[in-house]
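A.B. asks:
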Amino acid sequence: MNNLISVIIPVFNSAQYLERCLDSVISQTHRNLEIIIVNDGSEDRSAGIIEQFSVRDQRIIAIHQENQGVSAARNAGLAIANGDYIGFVDADDEIYADMYEFLSHNLEKYEADISHCGFELVKEDETIKFHDTGIVLVQNKIEALKELLAGDRVEPSTCNNLFKREILKKIRFAVGVKINEDLLFNIEAFNNAQKTVFEDVVKYKYHHNPVSASHSSKILFIQEEVYKAAQKIRLLLQDAEMKEAVEKFYVTKLLTILKSLKKHHLFRSEMSLKLRSELKNNSTRNLGLRVSLLKNLLVYFPFFYNPFIYFYNLFFAKNQKWK
Numbered sequence: 556m557n558n559l560i561s562v563i564i565p566v567f568n569s570a571q572y573l574e575r576c577l578d579s580v581i582s583q584t585h586r587n588l589e590i591i592i593v594n595d596g597s598e599d600r601s602a603g604i605i606e607q608f609s610v611r612d613q614r615i616i617a618i619h620q621e622n623q624g625v626s627a628a629r630n631a632g633l634a635i636a637n638g639d640y641i642g643f644v645d646a647d648d649e650i651y652a653d654m655y656e657f658l659s660h661n662l663e664k665y666e667a668d669i670s671h672c673g674f675e676l677v678k679e680d681e682t683i684k685f686h687d688t689g690i691v692l693v694q695n696k697i698e699a700l701k702e703l704l705a706g707d708r709v710e711p712s713t714c715n716n717l718f719k720r721e722i723l724k725k726i727r728f729a730v731g732v733k734i735n736e737d738l739l740f741n742i743e744a745f746n747n748a749q750k751t752v753f754e755d756v757v758k759y760k761y762h763h764n765p766v767s768a769s770h771s772s773k774i775l776f777i778q779e780e781v782y783k784a785a786q787k788i789r790l791l792l793q794d795a796e797m798k799e800a801v802e803k804f805y806v807t808k809l810l811t812i813l814k815s816l817k818k819h820h821l822f823r824s825e826m827s828l829k830l831r832s833e834l835k836n837n838s839t840r841n842l843g844l845r846v847s848l849l850k851n852l853l854v855y856f857p858f859f860y861n862p863f864i865y866f867y868n869l870f871f872a873k874n875q876k877w878k
């Protein structure tokens, strides 16, 4: 019950939020922590804050490196982690005081390889809980992967998870991937797990910090990255039992990308034409009524913008949670 937990915190220009984050980690009721803070070339006051906390708490290990991105920073933490269990926290977020006690208890109670929990999205004017129902799901690998791809209850983030160290030995974050790197990592981790446990009780606080990304070239870059990640996941999960869930996930991702391109007046772009052609040639059945309806709207009535957006928001708005 007192296993060592390595908590990896990548930091880049996070001075505005970092003290709040670190206070929440060092105050955990589970005291046996190894807190690995990776300063990824910050140019603000982050390095000084990290040093101040290192003096206050001997459990902190600080790494300072040139800026290489969040995936490389997390990998640097993984390379030196000694914990029986491993968790991740983003520097602009915070965690409930008992999160790691809660997650480690479930790992041991259910003899699982991954334990994960609910979260809340904190905005300037409201806090939204996802979903805090108290439901407990104990799942095998296939069940957990399907739940992860569906995205209704189990989220793509690594931060509300606690992993047994053994299942991460050969897994690292994909450094070249800029979007959905958490989901890719989770897919590999869940694919290595024999059993997972999800208890839908809120223990993690995602803070919504909006960043402007309205320029068309940036929108195209982001959506290209989303597309590449979806393709990687499609290639990773070749198990016959996963085929239907993977194809539904993949088609839904294409629809999400096209929705974004429509919104930003990029529906005639080369990328949009490519994805619409791919959807048209996709013969997958059993996509479900919602996904099939949206797919057919785009294939046969591509310029009926308002009906597509209406049904997309009706079907999937609850899943649009991320920062």
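So the mapping is simple: our numbering equals the position in the sequence shown, first residue as 1, plus 555. Glycine included, each C-beta is placed from N, C-alpha and C at the ideal position. Just so we're clear, the structure is a prediction, and the values are computed from it rather than from any experiment.
#1: CA-CA distance, Tyr665 and Gly689?
#2: For the alpha helix (DSSP H) holding Phe745, just list the boundary residues, first then last.
#3: What's the call for His820, buried or exposed, on a 16-neighbour Cβ count within 10 Å?
#4: Name the one or two DSSP bridge partners that Glu649 has.
#5: Going by Cα to Cα distance, which pick from Phe674, Glu679, Ala617 and Leu573 is closest to Ser601?
#6: Which residues mark the beginning and the end of the beta strand (DSSP E) in which Asn594 is found?
#7: Just how far apart, CA to CA, sit Asn716 and Arg586?
#8: Helix or strand or just coil, what does DSSP make of His671?
#9: I need the straight-line Cα distance from Tyr640 to Leu559, nearest angstrom please.
#10: Look at the Cβ atom of Val580, then the Cβ atom of Ile590, and state whether they are nearer than 8 Å.
#11: What does DSSP give as the partner residues of Gly843 in its beta bridges?
#12: In this structure, does DSSP put Tyr640 in helix, strand or coil?
#13: Among residues of its own chain, excluding the 5 on either side of Leu792, which ones have a beta-carbon nearer than 6 Å to its beta-carbon?
#14: Just the Cα atoms here: how many angstroms apart are Ile635 and Val757?
#15: Can you check which of these residues, Ser827, Val806 and Ile812, is closest to Leu848 by C-alpha distance?
#16: Going by DSSP in three states, Lys678 sits in which element: helix, strand or coil?
#17: Should Pro765 go down as buried or exposed, given a rule of 16 or more other Cβ atoms within 10 Å for buried?
#18: Can you list, in chain order, the residues of its chain whose CB lies under 6 Å from that of Ala667, leaving out five sequence neighbours each side?
#19: Buried or exposed: where does Leu700 fall if 16 or more other Cβ atoms within 10 Å of its Cβ makes it buried?
#20: Which residue marks the beginning of the alpha helix (DSSP H) containing Ile777, and which one marks its end?
#21: Taking 8 Å as the threshold (C-beta atoms), are Cys672 and Tyr761 in contact?
#22: Look at the alpha carbon of Leu577 and the alpha carbon of Asp599, and state the distance between them as a whole number of angstroms.
#23: By how many angstroms is the C-alpha of Lys684 removed from the C-alpha of Tyr651?
#24: Could you round the C-beta distance between Ser815 and Ile774 to whole angstroms and report it? I think they count as a contact, below 8 Å.
#25: Determine, using beta carbons only, whether Cys714 and Val625 come nearer to each other than 8 Å.
#26: Along the chain, which unbroken stretches of the alpha helix (DSSP H) at least 4 residues long are found entirely within the region 593 to 619?
#27: If we ignore side chains and look at the alpha-carbon of each, how far apart do Asn735 and Asn661 end up?
C.D. replies: According to the structure shown:
#1: Translated into positions along the sequence shown, residue 665 becomes position 110. Translated into positions along the sequence shown, residue 689 becomes position 134. Whole-angstrom Cα-Cα distance: 16 Å.
#2: Residue numbering aside, residue 745 sits at position 190 when the sequence shown is read from its first letter. Counting along the chain, the alpha helix (DSSP H) containing Phe745 begins and ends at Glu736 to Asn747.
#3: Residue mapping note: residue 820 aligns to position 265 of the sequence shown, counting from 1. Looking at its Cβ environment, which holds fewer than 16 other Cβ atoms inside 10 Å, His820 is exposed.
#4: If you number the sequence shown from 1, residue 649 lands on position 94. Glu649 pairs with Lys760.
#5: For the purposes of this step, residue 601 is identified with residue 46 of the sequence shown, where counting begins at 1. Looking at the Cα atoms, Leu573 is the closest of the given residues.
#6: Your numbering for residue 594 matches position 39 in the sequence shown. Segment Leu588 to Asp595, the beta strand (DSSP E) holding Asn594.
#7: Counting from 1 along the sequence shown, the entry for residue 716 is found at position 161. Counting from 1 along the sequence shown, the entry for residue 586 is found at position 31. Cα to Cα, Asn716 sits roughly 18 Å from Arg586.
#8: For this step, residue 671 is matched to residue 116 along the sequence shown. Strand, per DSSP.
#9: By one-based count along the sequence shown, residue 640 stands at place 85. By one-based count along the sequence shown, residue 559 stands at place 4. The alpha-carbon atoms of Tyr640 and Leu559 are separated by roughly 7 Å.
#10: Taking the first residue of the sequence shown as position 1, residue 580 is located at position 25. Taking the first residue of the sequence shown as position 1, residue 590 is located at position 35. In this structure, Ile590 lies closer than 8 Å to Val580 by Cβ.
#11: For the purposes of this step, residue 843 is taken as the residue at position 288 of the sequence shown. BP columns for Gly843 are empty, so no partner.
#12: Stepping through the sequence shown from its first residue, residue 640 is reached at position 85. Three-state result, Tyr640: strand.
#13: Position 237 of the sequence shown, counted from the first residue, corresponds to residue 792. Counting only Cβ-Cβ distances below 6 Å, and skipping sequence neighbours, we find Val801.
#14: Position 80 of the sequence shown, counted from the first residue, corresponds to residue 635. Position 202 of the sequence shown, counted from the first residue, corresponds to residue 757. Spanning the two alpha carbons is a distance of roughly 29 Å.
#15: As a position in the sequence shown, residue 848 is number 293, starting the count at 1. Checking every option, the nearest Cα to that of Leu848 belongs to Val806.
#16: On the sequence shown, position 123 is the one that residue 678 refers to. Secondary structure of Lys678 (DSSP, three-state): coil.
#17: As a first step, residue 765 must be located in the sequence shown, where it is residue number 210. Pro765 is exposed by the Cβ-count criterion.
#18: For the purposes of this step, residue 667 is taken as residue 112 along the sequence shown, with counting starting at 1. Cβ within range, chain order: Lys750, Thr751 and Val752.
#19: Counting from one through the sequence shown, the residue named residue 700 turns up at place 145. By the 10 Å Cβ count, Leu700 comes out buried.
#20: Residue mapping note: residue 777 aligns to position 222 of the sequence shown, counting from 1. Element bounds for Ile777: Ser771 to Leu791.
#21: On the sequence shown, residue 761 is found 206 positions in, with the first residue counted as 1. On the sequence shown, residue 672 is found 117 positions in, with the first residue counted as 1. No.
#22: What you label residue 577 is simply residue 22 of the sequence shown in a count that begins at 1. What you label residue 599 is simply residue 44 of the sequence shown in a count that begins at 1. Rounded to the nearest angstrom, the two C-alpha atoms are 17 Å apart.
#23: If you number the sequence shown from 1, residue 651 lands on position 96. If you number the sequence shown from 1, residue 684 lands on position 129. Cα-Cα distance, rounded: 13 Å.
#24: Residue mapping note: residue 815 aligns to position 260 of the sequence shown, counting from 1. Residue mapping note: residue 774 aligns to position 219 of the sequence shown, counting from 1. Right, their Cβ atoms sit about 7 Å apart.
#25: For this step, residue 714 is matched to residue 159 along the sequence shown. For this step, residue 625 is matched to residue 70 along the sequence shown. Taking a C-beta distance under 8 Å as the contact criterion, Cys714 and Val625 do not qualify as a contact pair.
#26: 601 to 611
#27: Reading the sequence shown from its first residue, position 180 is the one you call residue 735. Reading the sequence shown from its first residue, position 106 is the one you call residue 661. Cα to Cα, Asn735 sits roughly 26 Å from Asn661.
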